[in-house]
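*Asks:* Questions regarding the structure given below will be posed in turn.
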Amino acid sequence: MKVEDRVKELLLPILEEKGFKLVDIEYIATKRPTLRIYIYNPEGTSIDDCEYVSKRIGSLLDVEDLIKTSYTLEVSSPGLDRKFKNPEEYNIFKGKEVIIKTKEPIDDKKVFKGTLEGMEDNIVKLKQNSTVIEIPLDKISQTKLDF
């Protein structure tokens, strides 16, 4: 089992009890490995939220002895300019303002800005004013939050 998969198994109950969402896990296997965990609190991710998750998952990782050498653990919010990496993010960030760039024009446009309505059956729904635009996931080249 990959490190990220086991970390996810350990992490989800911790996040769920607080109402947080898991955005991404990165494990960088170097001489001194780094484990990065990105979390999202719908009420706003605070330093206290990151510290709470870091302490809880850090203790579990030590007990599990999942990473055999000393490592760096980083827990943070996804950040302002972070691009979406996982399809799940289209539902995690439902209701948030986003900018979507497409690989090819849709109705003569390649950049769409609006409120994310989620994703269903690999179709991303974006609300612009009172119109909902449907964009196939495979046509999207980049999505990021618009702050």
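Taking our numbering, the leading residue of the sequence shown gets 1406, the next gets one more, and so forth. Quick reminder that beta carbons are idealized off the backbone N, C-alpha and C, glycines included.
Taking the Cβ atom as the reference point for each residue, do Ile-1444 and Leu-1465 lie within a distance shorter than 9 Å?
*Replies:* The answer is no: Cβ separation not under 9 Å.
*Asks:* Please determine, among Ala-1434, Lys-1532, Leu-1485, Phe-1498, the residue with the shortest C-alpha to C-alpha distance to Ser-1475.
*Replies:* The residue with the shortest Cα to Cα distance from Ser-1475 is Ala-1434.
*Asks:* Grab the span of the alpha helix (DSSP H) containing Gly-1463 for me, first residue to last.
*Replies:* Taken as a continuous stretch (DSSP letters only), the alpha helix (DSSP H) holding Gly-1463 covers 1452-1469.
*Asks:* Do Lys-1544 and Val-1537 have their C-beta atoms within less than 9 Å of each other?
*Replies:* No, these two residues do not count as a Cβ contact at 9 Å.
*Asks:* Decide if Glu-1414 is buried, meaning its Cβ has at least 16 other Cβ atoms within 10 Å, or exposed.
*Replies:* With fewer than 16 other Cβ atoms within 10 Å, it is exposed.
*Asks:* Taking Gly-1484 as the reference, which of Met-1406, Asn-1527, Lys-1549 has the closest Cα?
*Replies:* Here the closest residue by C-alpha is Lys-1549.
*Asks:* By alpha-carbon positions, which one of Lys-1506, Leu-1417, Arg-1487 ends up nearest to Phe-1425?
*Replies:* Phe-1425 has its Cα closest to that of Leu-1417, out of Lys-1506, Leu-1417, Arg-1487.
*Asks:* Cβ of Leu-1478 within 9 Å of Cβ of Ser-1459?
*Replies:* For Leu-1478 and Ser-1459, yes; Cβs fall inside 9 Å.
*Asks:* Just checking, does the region 1446-1463 make contact with the region 1507-1525 on the three C-beta pairs under 8 Å criterion?
*Replies:* No: the two stretches stay apart, fewer than three of their Cβ pairs being nearer than 8 Å.
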